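Residue numbers (my numbering), protein chains in the order written: chain A, 372 to 900; chain B, 92 to 668; chain C, 195 to 509.
Positions of the beta carbon are idealized from the N, C-alpha and C atoms, including for glycine.
Predicted, not measured: the structure shown is a model, and the values here were computed from it.
Encoded as structure tokens, the structure appears first; notes follow it.
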Amino acid sequence: MSFHSYPHAVPHGRPPVKGHEPVLIYILRRTFASVVVLLLSSVLLFFLTTKAGDPYADLRGSNADNIEQLKAARAATMHLDLDWYERYWIWLKGVAGCFTGSCDLGTTRAGQDVLFLTGTAAGATMRLVTAATLIAIVIGVALGILTAIRQYSGFDYGVTFAAFLFFSLPVFWAAVLLKEFGAIRYNDWIATGQLGPVMIVLVAAVLAVVIPSTLGGDRRRRMITGGTTFVFVVAVLLLLNLLDWYRHPISGPFMVLLVSAGAAVLVTAIVSGIRNRTALYAALTTAVVGTIAYTVLAFTPLLADPSWLGLFGLFVVTIVVSLLIGRIWGGYNRKQVMLITGVTGVVTSLVVVADILMGYWASFLGLKSRPISTIGAQTPNFTGDFWQRLIDYGTQLILPTVLLALVSIATHSRFTRSSMLEVLNQDYVRTARAKGLSEREVIVKHAFRNSLIPITTIVAFDFATLIGGAVITETVFGWKGMGQLFQEGLVNVDPPPVMAFFLVTGTAAIVMNLIADLAYASLDPRIRR
Amino acid sequence: MTTLDISTSGAAHTTGDAVLSFEGLTVSFRTEFGEVHAVKGVDLDVRPGEVVALVGESGSGKSVTSTTALGLLPGNARVSGTVTVGGKAVGSLDNAGLRRLRGNDVAMVFQEPMTALNPVLTIGDQLTEGLQLHGIAYGKQAEARAAELLRMVGIPEPERRLKQYPHELSGGQRQRVVIAMAISCDPTVIIADEPTTALDVTVQAEILDLLRSLTQKLDTAILLITHNMGVVADMADRVAVMLKGDLVETGTVDQVLNHPKHEYTKRLLAAVPHLGEGPGQFGEVAQPAPPVPGEAAALDLKNLVIEYHRIGRPPFRAVDDVSFHVDPGEIVGLVGESGSGKSTIAKCALGLIPARSGSVSILGHDFGTTRGKRLKELRRRIGVVFQDPAASLNPRFPIGDLIAEPLVVHKVGDARSRREKVMELLDAVELPREVFNRYPHELSGGQRQRVSIARALTLEPELLVADEPTSALDVSVQASVLKVFTSLQERYRFACLFVSHDLAVIDLLAHRVVVMQNGEIVEQGPRDSVLRAPREDYTKRLLAAAPVPEPGEQRRRREARHALLTSLGEESAELHL
Amino acid sequence: MSDTQQNSSGWGPGASDVEELVPEAKSYSANQLVVRRFFRHRGAIVAMITLAAVIVVAFTSIGVGPIPGWWNKDIATAYDKVGDGSPTWAHPFGQNTIGKDYFALTMRGTQVSLYIAFGVGLVSTLIGTLVGAIAGYFRGILDSLLMRLTDVVIIIPLLAIAAVLGRMTGGDVNLLVLALGVLTWTSLARLVRGEVLSLRERDFVMAARAVGTHPVRIIVRHILPNTVGVVIVSATLTIAAAILLETALSFLGFGVQTPDVSLGSLISEYKNAFTTRPWLFWWPGLMILAIALSVNFIGDGLRDAFDPRQTSTKE
């Protein structure tokens, strides 16, 4: 449902600020304008909602004795005897109370407090939308850059086609397929957890085509990479079958060390080039220190029976330590090394969390043999410790997030691609090449940041679209979120829940725009003072 | 590297072998129109400390030739022949070898300083990058070296500049940064692709001085790509002339500029307007009739102030208290550098932007107070020609409709008489009648500008406003357009406000000259007094900076300019070692 | 859109260099160039053929209104069920739960969905172009007002306000087209405004103004023809998005209502039939996918054709 974020839009790269207005004033002015717009929109939506149908529709067909009494009661709770603008005024006064500490978003037709309903619903929706946004940004931007660099490769055509496919999918139709294959068939399969030979060959074949295509090189080199990939993947998948890995994933410090060291090498290779030994050693140090810390902490309650606050604290400590490592290794390009160790630190901590979760996976399967259910944001009456509950949240979040993120991934990848191609045509990229920079340096240092500038705006735009799309996704997956609140309100011609939905989405849109403006300002020195 | 050879003689000190040589270079591109041959067999050598100018008009393949030296052509290019830089054949290098070559052996200075620098990286980042890449200096040392480089190219407060972003620098300063970047790794040869085309004439003179001192103090060779014969005369030791991918003539600057052999070179040189030679170079313009008492001026500006609104900041005053007038039949040249407000005045005289205060009178009617039908009638009597012929013609109209448009707007005549009028005008601007049904993009730049002129004259206006009408054209095209212009002025006797940054063009056209700077008038008067005996320092400086296409004369002018700068208490630009 | 033949810098094989070298004989008008480039986009050509086939089959098979088509079954009759209703020669798309011919139903749904999509595309393009052109050309207060108006519409999630209006229409297809058209013009208005803002500073518009051309003539004759690329591409994508929007509304129960059907209402009705009668689920879904995908690819082809900056010669 991406109406505002066209797949083919070409970024214009116009700074939002003309002249040199201080950023703070600019942002305040924009926010004020947004609030005014929000107010006007609320009038429009309130009016339309009250006129959207007959609030007594369900009672008209009824032949209960006390029908008049029921009507009168409803008129009283919903203020149906008042004009729409009087009802709007009542609603607005209630909302205004939020700024003085006595929030009142009205009641539903059934008399429930909308503020309370919103509180629980908004949490679920925001979790869904935030997860989808993050995934979409990371995957979409990465795909966009890869496709721009490998323009007209098989990989580029493949991603382009996939993007158009995602744009053209009716969301709930795709949801049915996703439930079937992502949940029902997966649950059937995990019961045994053995990949069939056809599946193994298929996966290996796909990777054997995709990986050489992204790496590039001449035909011979691609053939060799493809062949190697195929053999390697088949071997690994067979080994995993043998180990019953999908039900009992091997975990532990050794795997963490292996994966995070790999990440360290990759991050270094991308940011500074593998030949920068200082950076490489700094990144590897970070991975090693992270693994050691994990090995030690695994036996303390800090990780064995954690709390959200404790985990967050650990995360902060990880980043600080990583940056310190970067600073100590330093070298002439200290900032870059710190960036590398910082990113490596973040990746390492994610690897650690993944490792812990993998450790709990077998016991989770014991608690819930069909891990992915198609309904609800969490399994009702689920009992388990912190990590098991986290797995439960995660497995329930996966499918709706994927569904919601598909369109955004497509949008971001297309947009990033065209933005990147535009930047790669700029004069300063030619200057950079003329200096003798390698293609990696040209892209990472000169092109990437410039290509991100127009993307900030599209991300903000897309966030609002995602919240709209969440209405469908939540309904399909039976989440009790804002979408359901909205839909029931609309069916009942009952403005307060509809307006609560709007209040949340509108505020989120304004906040996102604000973040986008700030990101814009931090990326583009031309609009900073 | 510090061979301090202070001799300013144009004769090349050709020591040693060529540092850059092209042998039998041909380049072709695969495009959607099929194979396009951009360069067809070029042989050229550039020796240390030598400036070789590669001259040609757009499409001659001069930029493509130079780009091959860095191996930076896009993927659809096919290159044959050999290009050697510092003894290395570019074609035989792998990617890593090419990268070592770039910056280290051969560096580039580009045309557009506004876009040649990365807007999101600091000047310091962009300067140290090359130093670290080629292993010249790291970290703090690299920063110190970068500051040193900025100081060398004459940027004040280099340490502070390192932390700034490109948009915080002026165009001339940015071009200096680009030059600093080019010399940072001490390359043997620098390719300067139209390095001053985007710059004002005074800034151009400074940048050329700087480049010249590079060859003298660092013994760097320069391959200078340009279309400007004045720049060639000022800079080059040797000249190579390109035409449609072929090298038609090479020789020393004196041979080529003063004794051209090839027909094309002769034509090219004949087309260059020469500052100081006055009117008559491309046909005479009519002298205005002596003013009739009581007759209104064609254009009369009184105390004109124009401001642009800016969100969140005080308005920008583009034109401040400007008064001058254009008599009937008179051509007034409005001269100034970018940002002087000259184009703003032209737009205001056309009623396209409002005046903040003061008055604009056209043929005795105040533009500010005339409304409705009267205003439309008034507009009938003004014609306009803009700078960029590609932008000033609606791409969706055929030529016939474009020229007839003013007739349609003012409901003059019927379809047949309009057609006749258009044909007559096509003859007048020396365009074949066949272009009637063609679209603008099918015409060349010069042809398009003739269409613009024809359109401007459709209603036989009494006042023509021409905003840089020849600045976007190649020099030979400019000459033919100027010829058409003078003959038309002779015929129709319109008054004209002729806006230009090119003093040579003004010199051959204008009866009177108005010089502007930063929105204010510096000096105005008859052509001969302003251009021959300027009173104001700014005008003197402007005149001194404009190069002429004769090497001997240009050398004298350059020395005179340095003397002028010294007398004004300024230094001329050079490399500070 | 109009200056696509030019290249800003004089460097390298910039179009300006190459252009001058192109032999005179091979000269194309702007429109011919667009057509040439479009026909080089293979995906777009396949998409054109697919879409044309879908349209022809949908409208000729069961006919339109009183005009009969070549398919011998209609959407109203419940036929005898053949087996469990899965596809047979007599009912190539199968039958629904009460025996209606599913091919006829799907074709009817396709007709309605296409009508909605193209109708919304038309309405939204008209409004968007008009608002964008007026705001961009006149600027000032009018511009501010119109742009705040688009902001007011944009800040409400499209699906939400579409659902509200959809509920108001009560399932009337024409009203639905109008309602969706009234909601989806905002992004085009912004695009057109941006184009107009830059076009009005172009010299040819300046020249027209200097001659005293009336603003309406300037907008209609000089500016709008030069925004045609943006408008056409955007209109195409609006069509694709409108089909999906209608589908989503049907799913929420605010779209086309029985007895009429659209592709959206069909899948919405049979969304739980996946395991029992998969054909009821697959056909309308694949139909939507085919239409939306075709339109998107055509849009991409048009984008490339009108704005060839990023589709330079393939390596």
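Residues of chain C with CB closer than 7 Å to the CB of residue i, please, in chain order.
i: residue 542 of chain A; result: 442
i: residue 470 of chain B; result: 404, 405, 406
Using a C-beta cutoff of 9 Å, does residue i count as contacting chain A?
i: residue 312 of chain C; result: no
i: residue 361 of chain C; result: yes
i: residue 45 of chain B; result: Nothing in the structure corresponds to residue 45 of chain B, since chain B is present only between 92 and 668.
i: residue 163 of chain B; result: yes
i: residue 118 of chain B; result: no
i: residue 511 of chain C; result: Any property of residue 511 of chain C remains undetermined from this structure, which presents chain C solely from 195 to 509.
What does residue i touch in chain B if you count any residue whose Cβ is under 7 Å from its own?
i: residue 892 of chain A; result: Residues of chain B passing the Cβ test: none, with the nearest at roughly 12 Å.
i: residue 397 of chain C; result: 477, 479, 482, 483
i: residue 416 of chain C; result: 485
i: residue 419 of chain C; result: 487
According to DSSP, is residue i helix, strand or coil?
i: residue 373 of chain B; result: coil
i: residue 450 of chain B; result: strand
i: residue 591 of chain A; result: helix
i: residue 394 of chain B; result: strand
i: residue 639 of chain B; result: coil
i: residue 411 of chain B; result: strand
i: residue 674 of chain A; result: helix
i: residue 399 of chain B; result: strand
i: residue 706 of chain A; result: helix
Against chain C, does residue i count as a neighbour if the rule is that its beta carbon must be under 9 Å from one of theirs?
i: residue 838 of chain A; result: yes
i: residue 547 of chain A; result: yes
i: residue 512 of chain B; result: no
i: residue 404 of chain A; result: yes
Tell me, to the nearest whole angstrom, how far the beta carbon of residue i is from that of residue j; I am working on the premise that it is less than 8 Å.
i: residue 358 of chain C; j: residue 420 of chain A; result: 6 Å
i: residue 143 of chain B; j: residue 329 of chain B; result: 5 Å
i: residue 811 of chain A; j: residue 515 of chain A; result: Not confirmed; about 17 Å, so no contact.
i: residue 579 of chain A; j: residue 875 of chain A; result: So it is not a contact: roughly 46 Å between Cβ atoms.
Is there a Cβ from chain B that is less than 9 Å from the Cβ of residue i?
i: residue 845 of chain A; result: no
i: residue 406 of chain C; result: yes
i: residue 401 of chain C; result: yes
i: residue 909 of chain A; result: Nothing can be reported for residue 909 of chain A, as the shown portion of chain A is limited to 372 through 900.
i: residue 497 of chain C; result: no
Can you pull the chain A neighbours of residue i, defined as C-beta to C-beta under 8 Å?
i: residue 446 of chain C; result: 842, 843, 846, 858
At 9 Å on the CB atoms, spell out the chain B contacts of residue i, in chain order.
i: residue 884 of chain A; result: The premise fails here: residue 884 of chain A is roughly 18 Å from chain B at the closest Cβ pair, so nothing lies under 9 Å.
i: residue 751 of chain A; result: The contacting residues do not exist; residue 751 of chain A stays about 50 Å from chain B at best.
i: residue 589 of chain A; result: Simply none; closest approach about 13 Å.
Name the chain C residues whose beta carbon is nearer than 8 Å to that of residue i?
i: residue 467 of chain B; result: 406
i: residue 497 of chain B; result: 405
Counting only Cβ pairs nearer than 8 Å, list the residues of chain B close to residue i.
i: residue 706 of chain A; result: In chain order: nothing, as chain B lies at least about 10 Å away.
Run down chain C in chain order and give the residues with a C-beta less than 9 Å from the C-beta of residue i.
i: residue 500 of chain B; result: 402, 405, 406, 407, 408, 411
At least one CB of chain F closer than 9 Å to the CB of residue i: is that the case?
i: residue 455 of chain B; result: You won't find chain F in this structure, because its protein chains are A, B and C.
Point to revise | Residues in the stretch 179 to 213 of chain B having any Cβ partner in chain A nearer than 9 Å | key: 186, 187, 189, 190, 191, 192, 193, 194, 195, 197, 198, 199, 201, 202, 203, 205, 206, 207, 208, 209, 210, 211, 212, 213
- Within 9 Å of chain C by C-beta, residues of the stretch 390 to 407 of chain B in sequence order: none
| said: Any C-beta of chain A within less than 8 Å: which residues of the stretch 325 to 359 of chain C qualify? | reply: 342, 345, 346, 347, 348, 349, 350, 351, 352, 353, 354, 355, 357, 358, 359
request  = Note down, in chain order, all residues in the stretch 797 to 813 of chain A with a beta-carbon under 9 Å from any beta-carbon belonging to chain B.
outcome  = 797, 798, 799, 800, 801, 802, 803, 804, 805, 806, 807, 808, 809, 810, 812
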